[in-house]
Structure formats: C-alpha cells, structure tokens
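See below for the structure under consideration.
In the numbering used here, the protein residues as written are 471 to 605.
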C-alpha cells in the first residue's frame with residue numbers, strides 16, 4: 471500500500487518536472503519502484519522468494535541506471551560501477567531462480583557480469599574509491 475502510493479507520487483512528480491529536473495525525478499521513480507519490490511519480497515512466500523529477489527535486483531538496477539543518468543562528470547565512474555554491480559545482482563538472482571537445467575547457461579552471464587565489474591574497477595582512478603570489495 472504505502473510503497474505503491476509513494477511510487478504514484480514519484481511518477482506524478484516526474485510528469486510535472488521541468489526538463490532539467492527529469493533525471494532526478496526519474497531517480498525518485500526508480501527508488502519508489504525499489505520500495506515496492508522490497509515490500510513484495512517481504513510479503514513473498516517461500517516458493518515466491520526467488521522471483522521476488524529477482525524483482526528487487528531489477529529495481530536496484532533501475533536505481534543505478536537513474537543515478538548514472540543524473541550523475542555529473544566526476545560521479546560517472548562510480549555510477550557506471552553501480553550499474554555493473556546491479557547487473558551482476560540481477561544475473562545472480564536469475565541464476566538463483568532458474569531451474570537446475572538452466573543454471574550452467576545462466577552462470578556464464580554471472581561470470582560476464584563479474585568480469586564487467588572487475589574491468590570497471592581496474593579502469594577506475596586510484597583515488598576514486600572504486601576498489602572496494604563486492605557486496
């Protein structure tokens with residue numbers, strides 16, 4: 471209830487936002503969608519858990535992409551790393567939710583996402599604080 475209402479407010483604010491504030495308003499919508507996904511995860515039964523976790527991971531990816539869009543030049547590298555980490559979380563959640571016969575194929579996506587995160591870390595400036603461990 472509350473999370474979906476907040477999403478409605480965020481979408482209305484996005485609609486009303488002037489062009490120069492669109493990226494920030496889109497970030498608000500993405501964060502509200504994440505709130506809805508987290509609420510659905512909390513309410514999910516055991517058999518729905520993996521799909522709900524996938525929904526949260528996808529919503530976190532949406533937030534990361536919105537943060538990248540709203541980022542200034544000096545924040546771009548951190549935002550790109552955030553997107554890569556979120557894509558890794560989605561790949562891991564898909565792998566978790568997959569039937570056993572699809573796990574090997576999906577693990578290749580996880581490995582590709584892990585490589586992307588490592589490549590962004592390697593390319594990051596040493597003072598940028600990007601060389602943190604994976605969450």
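Virtual Cβ for every residue (Gly too), placed ideally from N, Cα, C.
Taking just the CA atoms, how far does residue j sit from residue i?
i, j, result
"residue 581", "residue 547", "21 Å"
"residue 540", "residue 496", "9 Å"
"residue 587", "residue 513", "31 Å"
"residue 505", "residue 473", "6 Å"
"residue 518", "residue 570", "17 Å"
"residue 598", "residue 543", "For residue 598, the pLDDT reaches just 49, beneath the cut-off of 50, and the residue's location in the model is therefore unreliable, although a value from the coordinates is still provided. So the two alpha carbons sit approximately 13 Å from each other."
"residue 568", "residue 551", "26 Å"
"residue 555", "residue 488", "30 Å"
"residue 523", "residue 486", "31 Å"
Does residue i come out as helix, strand or coil in the three-state DSSP assignment?
i, result
"residue 515", "coil"
"residue 471", "coil"
"residue 541", "coil"
"residue 487", "coil"
Answer yes or no: do residue i and residue j have a C-beta to C-beta separation smaller than 7 Å?
i, j, result
"residue 527", "residue 559", "yes"
"residue 557", "residue 594", "no"
"residue 525", "residue 503", "no"
"residue 536", "residue 585", "no"
Name the two residues that bound the continuous alpha helix (DSSP H) containing residue i.
i, result
"residue 582", "573-593"
"residue 550", "546-567"
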